[in-house]
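Peer 1:
Chains as they are written, first to last, in our numbering: chain A, 340 to 407; chain B, 31 to 325; chain C, 4 to 108.
1) Cβ closer than 7 Å: which chain B residues qualify as neighbours of residue 356(A)?
2) Taking CB distances under 8 Å as the criterion, tell me whether residue 193(B) reaches chain C.
3) Name the chain C residues that come within less than 7 Å of residue 44(B), Cβ to Cβ?
4) May I ask you to report which of helix, strand or coil DSSP gives residue 182(B)?
5) Go ahead and label residue 35(B) buried or exposed: buried means 16 or more other beta carbons lie within 10 angstroms of its beta carbon, across all protein chains shown.
6) What do you reckon, are the CB atoms on residue 119(B) and residue 259(B) nearer than 8 Å?
7) Listing by chain order, which chain B residues have their CB less than 7 Å from the CB of residue 26(C)?
8) Could you tell me which of 224(B), 217(B), 228(B) and 168(B) sits nearest to residue 209(B), measuring between CA atoms?
9) For residue 125(B), name the three-state secondary structure that DSSP assigns.
10) Considering only the alpha carbon of each residue, which of 112(B), 143(B) and 139(B) lies closest to residue 128(B)?
11) What does residue 20(C) reach in chain B if we use C-beta pairs closer than 7 Å?
12) Would you call the segment 80-93 of chain B and the segment 237-244 of chain B touching, i.e. three or more CB-CB distances under 8 Å?
13) Check whether the segment 291-305 of chain B and the segment 20-31 of chain C touch, using three or more Cβ-Cβ pairs below 8 Å as the test.
14) Looking at the unbroken alpha helix (DSSP H) that takes in residue 60(B), where does it start and where does it end?
15) Chain B beta carbons: is any one of them nearer than 8 Å to that of residue 407(A)?
16) Hey, does residue 339(A) have any beta-carbon neighbour from chain B nearer than 8 Å?
17) Would you identify the three-state DSSP class for residue 95(C), choosing helix, strand or coil?
18) Any beta-carbon of chain A closer than 8 Å to the one on residue 247(B)?
19) Please state whether DSSP places residue 199(B) in a helix, a strand or coil.
20) Whose C-alpha, out of 5(C), 101(C), 63(C) and 83(C), is nearest the C-alpha of residue 13(C)?
21) Assuming residue 148(B) contacts residue 65(B) (C-beta within less than 8 Å), just tell me the rounded distance between them.
22) Is residue 52(B) close to chain A? Criterion is C-beta to C-beta, closer than 8 Å.
23) Strictly under 8 Å for the Cβ-Cβ distance: is residue 89(B) near chain A by that measure?
24) Secondary structure at residue 81(C), three-state DSSP: helix, strand or coil?
25) Since residue 48(B) and residue 15(C) should fall inside the 8 Å C-beta cutoff, what is the C-beta to C-beta distance between them, to a whole number of angstroms?
26) Identify each residue in the segment 76-98 of chain C for which the Cβ-Cβ distance to at least one residue of chain B is less than 8 Å, and report them in chain order.
27) Spatial neighbours of residue 161(B) within its chain, please: CB distance less than 6 Å, with the 5 preceding and 5 following residues excluded, ordered by chain position.
28) What does residue 37(C) touch in chain B if you count any residue whose Cβ is under 8 Å from its own?
29) Which residues in the same chain have their Cβ closer than 7 Å to the Cβ of residue 10(C), if we skip the five residues on either side of it in sequence?
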């Protein structure tokens, strides 16, 4: 697993757990709103990382050679 | 199990989608107006939103010099900062001080963005974002002046004050001008946009490409909406803010004004930009002191 | 607490969708990068339809998103294209709106 995908998986897990928390527990509306602000980017990043095309580089940290 | 909170979550997400779409369209309009003034056809107004979507599906790989996890977390923090500003300012109408704190957090985001990438251009962008913190000094004084006038920093109270006494922009024209300079320094291609100067490639965004850039662009769209809304709410008041359609109209007018200035002025060098901002903040400070002395 | 302007959100989403449609259509249809004074038949039709639809009082205010979707097609077309169409559509919409205001609903 590439580091990008790993970070995406972690972000997705954090995001889903956070959303479950703010859906069930808080009593205050403000906390729900701020929780949404906190966890939405994790979901966005996690979902986005699942959609990116497969990397074409051979070694970690190197960009693929695309010609001169 | 009852999900009371589901409605609030959907409301929150819908509001940020709205803010992003409006902000993105306005930034597209900004580019279009600048291009037309410079005699170019310019991209379609949708271009900002299209770019965001395009970058969202691009391949990325973390550069070998990048300092993870800050490198990718900083893009997420950027969205969190501006979504919180949207909710605290626009939805709940809380204090101006919290919004100022969030604006300072934005500087930390820019700085961290540049420094975590490990690229010299990114680092220069980060350093320049620290210089351009000079743009926030007027903000402090503006908030002081507004407090002296309205005796409150809660946005709701400020709007209510204007219902009775009329728009603040006529009573505090210089404070409005200083806040307008802050808006201007956040706009792309403005004379104060030293952070995104093309001589340092893309500034702090240089190494944030693909989905990370897309996330930062989402945050920038929301930020544009929030900053314009704050200007309209604090200085023009219920005349504009009470009706969302009027708010949109006011935002379009403000964006056109800012684009006009951006198209007609050259980019200042960092030292000149900081000098002018410090000058404006000194004048605003003088205004504040005069008001305190006069009572 | 501020209410979410869901109606405006619908309008803007449909405008953006129409813009995407117009952009893909104009990129498929035309190869030249920038041409002035060229009228596209379908975009003109869509703009006029959108302009006519704008002042019609349909139930739930559904006319605004629909007409903005149709106006969005010339709005989103590639640079140089769809200008005259957009101006035509928007002026029809404004005229219709003013006439509706004069008649009183």
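We put the CB at the ideal spot given by N, CA and C, even for glycine.
Peer 2: Taking the geometry as given:
1) Ordered by position in chain B, no residue passes the 7 Å Cβ test against residue 356(A), which lies about 14 Å from the chain.
2) no
3) 7, 9 and 12
4) coil
5) buried
6) yes
7) 74 and 76
8) 168(B)
9) strand
10) 112(B)
11) None at all; the shortest Cβ gap to chain B is about 10 Å.
12) yes
13) no
14) 35-67
15) The pLDDT assigned to residue 407(A) is 49, lower than 50, so where the model puts this residue is not dependable; a value taken from the coordinates is nonetheless given after this. Judged by the 8 Å Cβ criterion, residue 407(A) is not in contact with chain B.
16) The structure shown does not extend to residue 339(A), since chain A is modelled only from 340 to 407, so the question has no answer here.
17) helix
18) no
19) helix
20) 63(C)
21) Between residue 65(B) and residue 148(B) the Cβ distance is about 34 Å, and since that is not below 8 Å, they are no contact.
22) no
23) yes
24) coil
25) 7 Å
26) 78, 79, 80, 81, 82 and 83
27) 300 and 304
28) 71
29) 64
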